[in-house]
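Scroll down for the structure; my scribbles are underneath it.
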Amino acid sequence: MAAACATRGDRAGPGPEQARQLVLVVTADWNASGGRLQRYERDGAGWRAVGDATAVTVGRAGSAWGRGLHQVPAGEPGPVKREGDGRAPAGLFRIGTAFGYAEHAATALPYSAMTVSDYCIDVADSPLYNRIVDAREVGAAAVAGSTEPMRRDLHADGDQRYRQGFVIEHNADGARGAGSCIFAHLWKAPGEATAGCTAMDPDRMSELLAWLRPQSRPVFALLPQAQYRALWRNWGLPAPDDAR
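Residues 1124 to 1367 (this note's numbering) are what the sequence shown spells out, left to right.
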């Protein structure tokens, strides 16, 4: 198996015009390592919150502009995502394949059961950069140097972080060094930040996976509070609480 961590192709946007489901994470500022996640659905009446907001963690160094469906407005402040910077990509992204340790999962998303030979390639100069590959197919040399085995329970003393998750389609075109292997997954411990992913409680992840529907063209947005307030109208996002 070889699968892109992000679907290559159209990066048009700026907003989720066709999306009917939205996963929105808002953080306090660029350096915050935690935030709040809220699900939304919409019909002709606009976005409607689904369920309660839940705590999540993001990159240990905060967040930075990623590469997704959005275009960063000229002059908009904020760092830019780079490989290994410990920041979660900010912006607007497609939601990709779900993955996990179990053979099957309670989700309508396309699902990949990970094996001991599956890796996400985070080596920036690899031709497989930002792709999930099976070492049995691409060869051991192709995954050499990768720090992202997808069965972390088998490679890292029972680590459960990737037991459930889904791909956040950052850096779809695999631009070298722009960041790779960005997922929503389980947190290692409550409140523990990540290397750049979004992590949460297992029960919240199960709810999210059961709710997401590919036919609703779900998207994922992550923004610091100030950028959310500045961009929500142009990006077609739900209004912040203080703007309603």
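By construction, the Cβ of each residue, glycine as well, lies at the ideal position given by its N, Cα and C atoms.
All values derive from a computational prediction rather than experimental measurement.
- The DSSP assignment places complete alpha helix (DSSP H) segments of no fewer than 4 residues inside the region 1317-1359 at 1325-1334 and 1348-1358, in order along the chain.
- Only residues of its own chain outside the window of five on either side were considered, and among them Gln1161, Arg1162, Tyr1163 and Pro1361 have a CB closer than 8 Å to the CB of Ala1172, listed in chain order.
- DSSP places Ala1265 in the helix class (H, G or I) of the three-state scheme.
- Gly1223 and Pro1325 have their alpha carbons spaced roughly 12 Å apart.
- Distance from the CA atom of Arg1217 to the CA atom of His1293, rounded to whole angstroms, is 8 Å.
- By the Cβ test, the region 1139-1151 is in contact with the region 1342-1350, since at least three Cβ pairs between them sit closer than 8 Å.
- Distances from the CA of Ala1155 to each of Ala1168, Gly1169, Ala1178 and Asp1276 were compared; the closest alpha carbon is that of Ala1178.
- In this structure, the beta-carbon distance from Ala1265 to Gly1288 does not fall below 9 Å.
- Pairwise C-beta distances place the region 1201-1208 in contact with the region 1301-1321, as three or more of them are shorter than 8 Å.
- The beta carbon of Gly1174 is closer than 6 Å to those of Arg1162 in its chain, skipping five residues each way along the sequence.
- Secondary structure of Asp1364 (DSSP, three-state): helix.
- Relative to Ala1231, the option among Asn1357, Ser1329 and Trp1153 whose CA is nearest is Ser1329.
- When the five nearest sequence neighbours on each side are left out, the beta carbons in the same chain lying within less than 8 Å of the beta carbon of Leu1332 are those of Ala1221, Ala1228, Ala1229, Thr1230, Leu1232, Gln1287 and Phe1289, in order along the chain.
- Fully enclosed alpha helix (DSSP H) runs of no fewer than 4 residues are not present anywhere in the region 1167-1222.
- Under the DSSP assignment, Arg1275 falls in the alpha helix (DSSP H) whose first and last residues are Arg1275 to His1278.
- Gln1141 sits exposed, since fewer than 16 C-beta atoms from the chains shown fall within 10 Å of its C-beta.
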